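This report concerns only the one structure given below.
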Amino acid sequence: MLEARLGSGGMGTVFLARTGSGRPVAIKLIHQQFAADEEFRTRFRQEVAAARRVSGAFTAAVVDAAPDAEQPWMATSYIEGDTLSQHIAAKGPLGGAELRRLAIGLAEALRDIHRVGVVHRDLKPSNVVLSPEGPRVIDFGISRAADQQTLTMTGRIIGTPPFMSPEQLQAPRGVGPRSDVFSLGTLLVYSVTGHGPFDADSPYMTAYQVVHEEPALDAVPQPLRALVELCLDKEPERRPSADELLVLLRDLPSDLGTAGGDGLGASRTRDVTTRHDEVTSRTAGAILPADAPPPPEAPRTADAGADAPDAARAPVVPDVPGDHADPGDTTLNGRRPRRRWRSVLAAVVAVSAVGGGVAVVTAAGSGESGEGKNSGVAAPAPPDGFAPWRRTVLGGRADIPDELRCVARGEALFCGGGGVIASRLDVKDGSRVWTVKSRGVPVQGLYFVGATQDTVLGYRFAPEDAPQNPPREVVALDAKTGHELWSVPTSTQSQAVTGRSQDAVVAGTAVVSVDGTGSHLEARDAHSGDVTWKTPFPAGTRCAPVLAGTRLLAMCARDGEIRRAGR
7 MLEARLGSGG
17 MGTVFLARTG
27 SGRPVAIKLI
37 HQQFAADEEF
47 RTRFRQEVAA
57 ARRVSGAFTA
67 AVVDAAPDAE
77 QPWMATSYIE
87 GDTLSQHIAA
97 KGPLGGAELR
107 RLAIGLAEAL
117 RDIHRVGVVH
127 RDLKPSNVVL
137 SPEGPRVIDF
147 GISRAADQQT
157 LTMTGRIIGT
167 PPFMSPEQLQ
177 APRGVGPRSD
187 VFSLGTLLVY
197 SVTGHGPFDA
207 DSPYMTAYQV
217 VHEEPALDAV
227 PQPLRALVEL
237 CLDKEPERRP
247 SADELLVLLR
257 DLPSDLGTAG
267 GDGLGASRTR
277 DVTTRHDEVT
287 SRTAGAILPA
297 DAPPPPEAPR
307 TADAGADAPD
317 AARAPVVPDV
327 PGDHADPGDT
337 TLNGRRPRRR
347 WRSVLAAVVA
357 VSAVGGGVAV
367 VTAAGSGESG
377 EGKNSGVAAP
387 APPDGFAPWR
397 RTVLGGRADI
407 PDELRCVARG
417 EALFCGGGGV
427 IASRLDVKDG
437 SRVWTVKSRG
447 VPVQGLYFVG
457 ATQDTVLGYR
467 FAPEDAPQNP
477 PREVVALDAK
487 TGHELWSVPT
497 STQSQAVTGR
507 SQDAVVAGTA
517 VVSVDGTGSH
527 LEARDAHSGD
537 VTWKTPFPAG
547 TRCAPVLAGT
557 RLLAMCARDG
567 EIRRAGR
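Encoded structure:
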């Protein structure tokens with residue numbers, strides 16, 4: 007029995023009705039003018055089939071349907087609640103914990119939709135119902151199975167431009183699940199600001215901006231903004247899957263803030279600089295303080311030329327228990343060495359990179375080294391509320407387990423490289439503070455090497471076949487937001503000279519690297535990027551910076567030795 011008219015859309019009208027047992031259902035009745043149109047009937051059959059496949063906790067379950075009736079119809083469970091568009095029109099944008107619940111609920115819905123091989127293709131505010139149990143995704147009118155051909159409709163845009171992906175507008179036959187992820191990104195911007203990231207005066211201008219322009223995200227609070235940026239990447243393969251996005255969203259703080267604000271308080275920092283593989287409980291107390299000036303003189307050099315003894319050819323790094331290269335590793339062979347990563351003592355915790363993009367954090371034993379021996383130096387106490395945790399970082403690849411690099415400072419942990427998208431985590435509980443893409447290179451190509459009070463430093467490189475110029479850069483990010491502060495070209499020497507791939511080191515408030523010409527070492531202020539000193543290599547050598555405790559050294563090899571090693 008029909009009770010009320012709920013609304014009308016492009017394909018039909020929706021009514022509230024009740025079954026004989028009194029169960030409320032929503033009945034979608036196709037418009038009479040379309041009932042004789044076989045193309046529309048085919049679309050409606052696809053909608054019914056898709057809705058049946060995805061019926062679950064995050065969608066409206068199909069109760070019954072008659073796609074071949076004289077006037078086709080479908081009945082689904084009635085979901086009580088306003089649509090997202092109605093809610094924002096009446097009460098304004100979302101924020102805080104409410105925004106986080108919406109984001110997680112929508113990602114869960116997409117995960118379930120995609121797992122059964124369906125692409126929704128029309129995720130927009132009017133197709134999200136805010137039920138008391140959480141958000142529900144409705145209306146599969148233009149969805150399709152991922153392995154089916156897309157219907158073409160001459161002269162019509164299938165979708166809603168402000169919430170469509172670039173590939174929907176350019177090549178609709180190639181639309182896949184990550185198109186829905188793009189739409190989810192636009193939906194989250196709308197939820198927190200009240201408008202879409204590509205809004206313009208006409209649908210055609212909006213569509214142009216979706217394809218060609220960057221989204222307007224200034225009002226989206228961090229750390230949600232960083233995840234939205236990932237969703238709104240123009241290239242589908244660089245967006246996270248629904249499963250990956252769900253992992254990231256669950257790591258967000260409970261309070262995401264509001265439009266124009268920030269849901270994240272400033273973290274305390276400590277005056278200890280740490281590095282990813284050279285800081286242990288035995289040496290942590292000797293690292294340069296963050297306010298120490300960079301070395302005033304050129305670094306000492308260690309000649310690794312052909313006449314030097316074998317011991318001098320090894321990287322000049324502290325003799326740290328558990329931090330030696332494997333027996334098969336070499337130093338001047340031009341290969342990226344594969345190393346087993348040991349525990350790393352940060353300022354307040356021990357960090358292990360255990361492969362597949364997984365970071366494990368445990369409390370650092372007071373005065374204990376990685377091998378359980380008394381080092382004579384007490385480690386700082388963990389922050390209040392700390393408990394050991396394990397976190398999978400987005401993009402981690404199991405086939406390169408030794409390449410995840412994490413650096414820590416105070417209560418922040420920065421991880422990147424090895425297929426991992428650069429991220430900041432809170433060492434107390436592993437929650438994600440921000441995730442950033444690195445422009446011009448794959449998001450997985452940004453490696454961190456150290457941090458100061460307000461800046462995290464690293465280097466990034468493009469694949470060998472990429473047109474990126476320069477192919478390798480030293481990069482500085484704002485530690486609080488993840489925004490890029492500056493970048494400069496660098497010429498890699500570390501792999502050939504020291505046998506380790508690390509193109510920059512952090513010493514005090516400076517970052518030291520090889521300059522873009524490959525002939526000098528230069529130090530730059532970590533935050534501003536200004537050059538503080540520069541020194542040429544000894545004649546006929548190639549050099550790379552290394553830190554030995556508090557000492558900055560230049561590890562050098564003669565050009566002839568490098569040429570022989572490259573053969």
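Per the numbering used here: the sequence shown ends with 573, consecutive numbering throughout. By construction, the Cβ of each residue, glycine as well, lies at the ideal position given by its N, Cα and C atoms. Quick caveat, the model's predicted, so the values are computed rather than measured.
Do residue 393 and residue 420 come within 8 Å of each other at the CB atom, strictly closer than that value? no
In this structure, does DSSP put residue 81 in helix, strand or coil? strand
Who are the Cβ neighbours of residue 252 in its own chain at under 8 Å, not counting the five residues just before and after it? 110, 113, 114, 117
Looking at the unbroken alpha helix (DSSP H) that takes in residue 191, where does it start and where does it end? 183-199
Mapping the DSSP letters down to three states, classify residue 140 as helix, strand or coil. strand
Give the range of the beta strand (DSSP E) segment to which residue 392 is assigned. Looking at the DSSP string, residue 392 is not in any beta strand (DSSP E), and its letter there is neither H nor E.
I think residue 203 touches residue 192, with their Cβ atoms under 8 Å apart; what is that distance to the nearest whole Å? 6 Å
Would you list the residues sitting across from residue 19 in a DSSP beta bridge? 14, 35
With the cut-off set at 8 Å, would you say residue 430 and residue 257 are in Cβ contact? no
Under the criterion of a Cβ to heavy atom distance below 7 Å, does residue 175 qualify as lining the ligand MN? The model on display carries no ligand, and the ligand MN is accordingly not part of it.
Quick check on the DSSP output: the alpha helix (DSSP H) that includes residue 93 runs from which residue to which? 90-97
Would residue 521 and residue 540 be called neighbours here (beta carbons separated by less than 8 Å)? yes
Please state the DSSP three-state secondary structure of residue 564. strand
Give the range of the beta strand (DSSP E) segment to which residue 218 is assigned. From DSSP, residue 218 is part of no beta strand (DSSP E) but of the alpha helix (DSSP H) over 209-218.
Should the region 72-82 be called in touch with the region 93-106, which here means at least 3 C-beta pairs below 8 Å? no
Determine the extent of the beta strand (DSSP E) in which residue 551 is found, giving its start and end residues. 547-554
Decide if residue 302 is buried, meaning its Cβ has at least 16 other Cβ atoms within 10 Å, or exposed. Reliability fails at residue 302, whose pLDDT of 38 lies under 50, so the model's placement of it is uncertain and the value that follows must be treated cautiously. Under this definition residue 302 is an exposed residue.
C-beta contact flag for residue 479 and residue 462 at 8 Å: no
If residue 199 sits next to residue 248, beta carbons under 8 Å apart, how far is it from one beta carbon to the other, in whole angstroms? Going by Cβ atoms, the distance from residue 199 to residue 248 rounds to 23 Å, so no, they are not a contact pair.
Let me check understanding here. Comparing Cα to Cα, which of 435, 45, 48 lies closest to residue 260? 435
With respect to the beta strand (DSSP E) encompassing residue 537, which residues constitute its N-terminal and C-terminal limits? 537-542
I'd like to know whether the C-beta atoms of residue 55 and residue 78 end up nearer to each other than 8 Å. no
Could you pull the start and end residues of the alpha helix (DSSP H) that residue 172 belongs to? 172-176
Smallest Cα separation from residue 216: which of 531, 195, 240, 7? 240
Go ahead and pull the three-state DSSP assignment for residue 515. coil
Decide if the region 86-96 is in contact with the region 127-140; the criterion is three or more beta carbon pairs, one per stretch, under 8 Å apart. yes
Among 413, 82, 127, nearest to residue 175 - alpha-carbon criterion: 127
Starting from the C-beta of residue 536, find all residues in its chain whose C-beta is less than 7 Å away, skip the five residues before and the five after it, and write them out in chain order. 530
Here's the rule I'm using: 16 or more other beta-carbon atoms within 10 Å means buried, otherwise exposed. How should residue 145 be labelled? buried
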